[in-house]
């Protein structure tokens, strides 16, 4: 097959099922002339049935959480399902649930005998799970666990830049800014460009006395997301330290307005 091997991927059914569908259509065409009314009724019933199943299936695709929850319910031993559901909960900031599914993904991956993955691909999924666990522990302020998971992710997949950002953020929060700076620099060297990288790298640069570099990094962050309040606030602090009070005031005002907007958005939700 020229389609990559995945044992339970729906797209592998599309082309084989095409020939079955053609055969059914040809058979239906042969019997319809003698049974017009019955055929019409059967066709309408089939369309309604398929429409119901389509609606039911589409409800699963509402978001990443509903999609991967469905996968995990149907395949309790799925490494991919648990890992991706954990990542989805992490992105939704539901850290306890994210931790639960990612820990399960790691357990499944370490004892995987399904044959669904090559050793290299299984290792990459495990690296992704450990990387995400590092981010979760970072946000939960469980720094030793965050460091452990990030380092484990790097051992499994040295090409991943995200664990370096986690390590940088953790060491910055522990006031080890020189060490944090080196991790941020290494993440950029691996091709990463993200708000987390530039904003936190700027904080470490500022604390190391490299104010101009901090300003440059924060401008990069705001190019990626002009509505990132923390970057506006940090840029205001950096401008203020250089005596650029007008620019500092502008950035502080922008940060305040964006935070106010975000708060109003939360209050308007059910």
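Residue numbers (my numbering): 40 to 309. Glycine residues also receive a C-beta, built at the ideal position from the N, C-alpha and C atoms. All values derive from a computational prediction rather than experimental measurement.
(request) Select from 138, 210, 247, 234 the residue whose C-alpha is nearest the C-alpha of residue 271. (result) Start at 1 with the first residue of the chain shown, and residue 271 comes out as number 232. Nearest of 138, 210, 247, 234 to residue 271, Cα basis: 234.
(message) To test your reading of the DSSP string, which unbroken alpha helix (DSSP H) runs of 4 or more residues are found completely within the stretch 144-219?
(response) For the stretch 144-219, whole alpha helix (DSSP H) runs of length 4 or above, ordered along the chain, are 158-178, 182-195, 201-212.
(message) Quick check on residue 297: does DSSP put it in helix, strand or coil?
(response) Taking the chain shown and counting its residues from 1, one reaches residue 297 at position 258. It is helical.
(message) Does residue 254 pass the burial test, meaning 16 or more other C-beta atoms within 10 Å, or should it be called exposed?
(response) Counted from its first residue, the chain shown places residue 254 at position 215. Buried.
(request) With DSSP as the reference, label residue 113 as helix, strand or coil. (result) The sequence position of residue 113 within the chain shown is 74, counting from 1. Residue 113 falls in the helix class under three-state DSSP.
(request) Answer with buried or exposed for residue 175, where buried requires no fewer than 16 other C-beta atoms within 10 angstroms of its C-beta. (result) In the chain shown, the residue the question calls residue 175 occupies position 136. Buried, because 16 or more other Cβ atoms sit within 10 Å of the Cβ of residue 175.
(request) Please classify residue 85: does DSSP put it in a helix, a strand, or coil? (result) Against the chain shown, residue 85 aligns to sequence position 46. Residue 85: helix per DSSP, three-state reduction.
(message) On the CB-based measure, 16 or more other CB atoms within 10 Å of its CB, does residue 196 come out buried or exposed?
(response) Your numbering for residue 196 matches position 157 in the chain shown. With a 10 Å radius around the Cβ and a threshold of 16 neighbouring Cβ atoms, residue 196 comes out buried.
(message) For residue 171, which residues in the same chain have their Cβ closer than 8 angstroms to its Cβ, ignoring the five residues on either side in sequence?
(response) Against the chain shown, residue 171 aligns to sequence position 132. Excluding sequence positions up to five before and after residue 171, its CB lies within less than 8 angstroms of the CB of 122, 125, 126, 129, 137, 141, all in the same chain and listed in chain order.
(message) I'd like to know whether the C-beta atoms of residue 164 and residue 118 end up nearer to each other than 7 angstroms.
(response) Within the chain shown, the letter at position 125 stands for residue 164. Within the chain shown, the letter at position 79 stands for residue 118. For the pair residue 164 and residue 118, the CB atoms are nearer than the 7 angstroms cut-off.
(message) Since residue 192 and residue 173 should fall inside the 8 angstroms C-beta cutoff, what is the C-beta to C-beta distance between them, to a whole number of angstroms?
(response) Along the chain shown, read from residue 1 onward, the residue named residue 192 stands at position 153. Along the chain shown, read from residue 1 onward, the residue named residue 173 stands at position 134. 6 angstroms between Cβ atoms; contact.
(message) Quick check on residue 244: does DSSP put it in helix, strand or coil?
(response) One-based indexing of the chain shown puts residue 244 at position 205. It is helical.
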